[in-house]
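Chemist:
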Amino acid sequence: MAQAGAALGLAGLRVSACPGTGAAAVPLETSRAFAAGARLVRHGAAFAEAASVAVDAAARPDHRFVHPYGDPAVVVGQGDAGAEIVADEPAVDTVVAAVGGGGLVAGTVLVIAGRAVVVEPEGCRCLHDALAAGKPANSPVGPWPSPPRVPPGSAGSPSRS
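Converting from the sequence shown to the working numbering requires adding 1 to each position, the first position being numbered 1.
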């Protein structure tokens, strides 16, 4: 959020971010510092509640909702992580990455021509539940501000191996 807010600010655009009330304070304060003038609207304990505020705000003219992990442009941008790995270690054939909503993993594997091993936090078992169901699945979320569902397409075509 910090880098995106800063880049949009440099482009002369105003930024509003809508994290849940459970979002960690330090990253939020860091983001605010990088994105001078960004407006933080904290709402709801769960991701869906916070996202609904952002979606409603984006319904106004000249506004746009950018999904934090399911937007194709965000996924492509996350490919920078993979590019940095390849730059440091060109022969890499396996990467281990965390999966929450799927954007980081999806972007990383776009760049790395190898295998991704994903791990997920206990409090956000979206991928685990989706693999068990054979389709995108809602997942109960603990007190963490994690997404309750991996959006279709954001994590590519995961499989157990």
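Using N, Cα and C, we set each Cβ at its ideal position, and we do this for glycine too.
Between the alpha carbons of glycine 13 and arginine 126, how many angstroms are there, rounded?
Modeler: What you label residue 13 is simply residue 12 of the sequence shown in a count that begins at 1. What you label residue 126 is simply residue 125 of the sequence shown in a count that begins at 1. Between glycine 13 and arginine 126, the C-alpha separation is close to 38 Å.
Chemist: Can you name the residues that DSSP bridges to arginine 40?
Modeler: The residue given as residue 40 occupies position 39 in the sequence shown. DSSP, once it has assigned bridges, lists Ser17 as partnering arginine 40.
Chemist: Mapping the DSSP letters down to three states, classify threonine 22 as helix, strand or coil.
Modeler: Residue mapping note: residue 22 aligns to position 21 of the sequence shown, counting from 1. Threonine 22 falls in the coil class under three-state DSSP.
Chemist: Pick from Glu85, Pro73, Pro91, Val106: whose alpha carbon is nearest that of valine 97?
Modeler: As a first step, residue 97 is located in the sequence shown; it is residue number 96 there, counting from the start. It is Val106.
Chemist: Output the distance between the C-alpha atoms of glycine 101 and aspartate 72, rounded to the nearest integer angstrom.
Modeler: Along the sequence shown, read from residue 1 onward, the residue named residue 101 stands at position 100. Along the sequence shown, read from residue 1 onward, the residue named residue 72 stands at position 71. Between glycine 101 and aspartate 72, the C-alpha separation is close to 14 Å.
Chemist: For the alpha helix (DSSP H) holding alanine 114, just list the boundary residues, first then last.
Modeler: Position 113 of the sequence shown holds residue 114. Alanine 114 -> no alpha helix (DSSP H), and no H or E assigned at all.
Chemist: What span of residues does the beta strand (DSSP E) with valine 97 cover, start to end?
Modeler: Walking along the sequence shown from the start, residue 97 turns up at place 96. Valine 97 -> beta strand (DSSP E) spans 95-99.
Chemist: Which of the three DSSP states, helix, strand or coil, is assigned to valine 54?
Modeler: For the purposes of this step, residue 54 is identified with residue 53 of the sequence shown, where counting begins at 1. Three-state result, valine 54: helix.
Chemist: Check this for me: beta carbons of alanine 39 and valine 16, under 9 Å apart or not?
Modeler: The sequence position of residue 39 within the sequence shown is 38, counting from 1. The sequence position of residue 16 within the sequence shown is 15, counting from 1. Yes, these two residues count as a Cβ contact at 9 Å.
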